[in-house]
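Some notes on the structure that comes next.
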Amino acid sequence: MNTVTINNKVKIGGNNPCFIIAEIGQNHQGEIEIAKKLIKAAKEAGADCVKFQKSSLKDKFTKQRLDQPYNNTNSWGSTYGEHKLYLEFSKDQYRVLLKYAQDLDITFTASAMDMESFDFLLNLKVPFIKIGSGDSNNLLYIKYAATKKVPLIVSTGMIEKATVTSIYDIISSHHKQFCLLHCVSAYPTPYEDCNLRVIQDYRYSYDVPVGYSGHELGINIAIAAVAIGAKVIEKHITLDRSMKGTDHQCSLVPSELQQLILAVRSLETTLRTPVKMIHFFGLIMASHLLVAADSGHTGFIIYQALCRGRRGEHEQASCAADNMVVVKITEDIKVGGDNPCFIIAEVGQNHQGDIEIAKKLIKAAKDSGASCVKFQKTCLKEKFTSKYLERPYDNPNSWGKTYGDHKKHLEFTEAQYRELFKYAQEIGILFTASAMDMVSFDFLVNIKVPFIKISSGDSNNSLFLKYAASKKVPLIISTGMVDKKAVKTIYDIISAEHKQFCLLHCISAYPVPFEDCNLTVLQDYMNSFDVPVGYSGQELGTAVALGAVALGAKVLEKHITLDKSMKGTDHVCSLTPTEFQQLVRDVRVIEAALGNPIKKVVTSEIPCIDKLQKSLVMGSTKNKGEILYPGDVKIKVAEPKGLNALHFEEVIYKTLVYDKKEDEPLNEGDFC
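Once you know that position 349 of the sequence shown is 349 in the UniProt record's numbering, the rest is easy, because the numbers rise by one and skip nothing.
Structural data, given as structure tokens:
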């Protein structure tokens, strides 16, 4: 992939951070002081760039379009021309705004809506120029812009993939200092029309950086776009969504833009090496100890390797492979393929050993929309040595003087497990647990949970894995604390018996530093194994989990708690019921937004196409029988619309069969 140089400090593409554009557009209401407030807000939010929209009205619109009455609640004038003139800053005002942005040290630019505006921005020496979706069918203008050999960022709304390729071919014949943004020109864009997988297709089709210009509500679609490879994000900014104007409703207020940027920067640190490695966090987390079962066997200890992954460019996110096994959890619930992400609310031991708290957590998981609630079942003498249980355990999170006393307090009896299982069935949510040993595994098989989880603590326990596989029940297996070779061993052991299992990428730290999440391991798993893969996340917040879903995770596991201040080590990296509910909603939104990888015009774009896409119009008055030369045909926003601007080359040198006036649209039948 080529890297685009914006200025001496900023590059786009490769391993560089996502370039985040705060699109002011015309949300300034025509007031330069509001414009300055928006520039300052973008800077304080952490945006890389602030962007406006520059138009020469007579070059962008036909006279008929400007003279059209424009009487609505968002109008700033009685005609469309008066409305647009009110919102258009003068060239001197643009110079003032550029200097103000430079003083604040934030990159300033604008979309050039016509050639005259392009030349003005060129003379202003902005570091790059944006070409909006309104000109995505204006190949004449794109050729002109390409000849100037300045960095370009081009939005591709309102067009099909073939036209995107034409744009790429035109500009790349002059230079490669440009980016292509996937865009859907609808305000706001329905989530199901976002089609984020187009970003993946662009990344494979073109050797320039690709990005996403989003007009949907909220920030999570933009976060998902970054997860699957967007190197530019553009979102509108406003001071107040209730302000007059059509774009405010799908804009972010400054605090939301800041939240987006923080989430993107956190997510970027997780997109490291796709190679599964073991991480070291200052102490060894629950490394499984294999000890002698009797005097006839030798015990040994496996220690974690002290290694970290290198930062690397991540590959395209994968869709479900055609040969991926689908895991049947119940008659109605399946994991993998085109099925929704299976979301597990991990109670673990956040119940404090209190069955009533456990029931509250089950109810909270159900109310949040989780697919399943999960506990951890242990037979202490099977999991731990007697010496390990007898060691002193005196700390603020302890429930007993020894580690054994502590664990015993947190362990429910088999009768209590049956009670919790029955309660979950009554309220309508799947119930299961991690089996921490063979005795616990057998108990869970006997009570007929729909699947059994094997935790990272047993990811190196091949004896247990073979035993579990032999029972031929659905399994979900976390793969923390092991490297890729060990994961392959897990896969080989289970698949020798059956394929009804999932592998979860996991980092066993509480909480996990963002830079150690290594989400691109998911892609490696998807390429290496024909079973569903997922993510068990112990990091703070939800942005990383959403990124995992965008990358292809078909299972998502996050801890749930009633209160993060409760006693215990897991609460800090758990989600409250409200947060868990929001996570589930956001996952479902992202799943809808992933859509189709092939760039097409969607129905929600039709109003914008009718209003803003450019047509062929007469550049001057000409009579019947005269030939149309290149200078005789212009490309403008017209009312009524003429032929699509893509047909420019087909019209040139044709003969008019009617008299045509300047700015009059050209239609089929007007020439021969």
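We put the CB at the ideal spot given by N, CA and C, even for glycine.
For the options Lys381, Leu475, Thr270 and Val373, the alpha carbon positioned closest to that of Lys328 is the one of Leu475.
The beta carbon of Val617 lies closer than 7 Å to those of Thr62, Lys634, Lys636, Ala638, Gly642, Asp663, Glu664, Pro665 and Leu666 in the same chain, with the five residues before and after it left out. In the same chain as Lys471, and ignoring 5 residues on each side of it, the C-beta atoms closer than 7 Å to its own belong to Val445, in chain order. For the 7 Å CB-CB criterion, Leu430 and Cys372 form a contact. The shortest CA-to-CA distance from Gly595 to any of Ala550, Met566, Glu33 and Asp563 is the one to Ala550.
Ranked by Cα distance from Ile170, the first of Asp193, Ser136, Ser455 and Pro190 is Ser136.
By the C-beta density criterion, Gly631 is exposed, having fewer than 16 other C-beta atoms within 10 angstroms. If you compare the alpha carbons of Lys143, Ile153 and Glu88 with that of Thr3, the shortest gap goes to Ile153. Taking the CA atoms as reference points, Asp524 sits about 55 Å from Gly619. A check of alpha carbon separations from Cys502 across Pro532, Leu121 and Asp67 identifies Pro532 as the nearest.
Note: Cys502 is bridge-paired with Ile476 in the DSSP secondary-structure output.
Between the segment 412-420 and the segment 437-457 there are three or more inter-stretch CB-CB distances shorter than 8 Å, so the stretches are counted as touching.
Taking the Cβ atoms as the reference, Pro209 lies roughly 12 Å from Val226, outside the contact range of under 8 Å. The continuous alpha helix (DSSP H) containing Thr165 extends over residues Lys161 to Ser172.
At a Cβ-Cβ threshold of 7 Å, Ser604 and Pro188 do not count as neighbours. Secondary structure note for Ile494: its alpha helix (DSSP H) is the uninterrupted segment Lys484 to Ser495. Assignment of Tyr417 by DSSP, reduced to helix, strand and coil, places it in the helix class. Taking one beta carbon from each stretch, the segment 117-130 and the segment 142-153 have 3 or more pairs nearer than 8 Å; the two touch. Cβ contact annotation for Thr270 (same chain, cutoff 6 Å, sequence separation greater than five): Phe514, Cys517, Leu519 and Val544, in chain order. If you look at Lys377, you'll find it in the beta strand (DSSP E) that goes Cys372 to Lys377.
DSSP places Gln53 in the strand class (E or B) of the three-state scheme. For Met438, the enclosing alpha helix (DSSP H) begins and ends at Met438 to Asn446.
Residue environment for Asp586: buried (at least 16 other C-beta atoms within 10 angstroms of its C-beta). Assigned with DSSP and collapsed to three states, Ser213 falls in strand. Annotation: the continuous alpha helix (DSSP H) that includes Thr269 extends over Pro254 to Thr270. Residue environment analysis places Gln102 among the exposed positions, since fewer than 16 neighbouring C-beta atoms fall within 10 angstroms of its C-beta. In this structure, Ile24 keeps its C-beta atom at 7 Å or more from the C-beta atom of Gln93. Between the alpha carbons of Met158 and Ala370 lies a distance of about 37 Å. Scanning its chain for C-beta atoms nearer than 6 Å, with the 5 sequence neighbours on each side dropped, one finds around Asp201 the residues Pro597, in chain order. By the beta-carbon neighbour count (other beta carbons within 10 angstroms, threshold 16), Asp240 is exposed.
In the DSSP assignment, Thr432 falls within the beta strand (DSSP E) that extends over Leu430 to Ala435. If the five residues before and after Tyr467 are omitted, its C-beta is found closer than 6 Å to the C-beta atoms of Met438, all from its own chain and listed in chain order. The three-state reading of DSSP puts Cys341 in coil, since its state is none of H, G, I, E or B.
Nearest Cα to Ala469 within the set Pro396, His215, Lys499 and Asn623: Lys499. Around the beta-carbon of Lys125, fewer than 16 other beta-carbon atoms lie within 10 Å, marking it exposed. One alpha carbon belongs to Asn644, the other to Lys143, and they sit about 17 Å apart.
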